[in-house]
Amino acid sequence: MYAEPSFTRIVREPRRRVASFSNVYTSAPEFHASLAMRPVFEEGERYRLRGTYCAANSGMYVFAPDWHVYACWESIGKACSRLGRYNPDGTLALDEAVVRRWFERSVATVPECQRCAYALVCGGGCAQYAEYNHGSPYHPYCDDFQRIFRSTLAHNVTYFLEHGGARPQQIFSAEPTAELLTTARRDFS
Ligand code: SF4
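Note that my numbering numbers the sequence shown so that position 89 is 103, with each residue one more than the last.
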């Protein structure tokens, strides 16, 4: 009989299984945080600060098959997030107010982010999810970023202290990932 795994097990177990690989992630915020940290540990570079979360707030135009233009892949098909439309004759009609709404969003224009200690490492979170949750992108979408940043930092520091600065193991082909998935599915079923 199928026994429902506990939430803790669902969260902790995948993390334990991939702990020895530096390029296998169990959540999107962890991926973003870790990707930004690695050059600091591996190359001795400065941490790259960010005022926006992603290209959707800094000038990306997505020309979708529905003849509309969006700032984000996640927004495709959502009327509230259309920057405008393009036409078969090559003409383009953008709604400047919506364009400004997307491209002026940063940690400097979201009040909660202005007061957040993590602002310049987070960037304000996903604007489309802020729109889903609040009807406007001018809200934060934290997505547990503060906790995940701290745990990712602790994980990286521990790894590099234990391994004397040696580069972490990475997976470069699909087979080991498929193997991880297969054993995880078997153990959770
Ligand atoms: S953690 Fe939340 S409040 Fe802080 S910068 Fe990110 S989205 Fe804004």
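The C-beta atom is built at its ideal place from N, Cα and C for all residues, glycine as well.
The structure presented is a predicted model; accordingly, all values stated were derived computationally and were not measured.
Remark: C-beta atoms of PRO154 and GLU126 approach each other more closely than 7 Å.
Buried is the label assigned to GLN142, since at least 16 other Cβ atoms lie within 10 Å of its Cβ. A straight line joining the alpha-carbon of VAL135 with that of VAL124 spans about 15 Å. Around the beta carbon of ASN147, fewer than 16 other beta carbons lie within 10 angstroms, which makes this residue exposed. Under the DSSP assignment, ALA70 falls outside any alpha helix (DSSP H); it carries neither an H nor an E label. Beta-bridge annotation (DSSP): PHE77 is paired with VAL83. Rounded to whole angstroms, LEU97 and SER20 show a C-alpha spacing of 42 Å. The DSSP-derived three-state label of ALA131 is coil.
Checking the 6 Å criterion, the Cβ of GLU118 is out of range of every heavy atom belonging to the ligand SF4.
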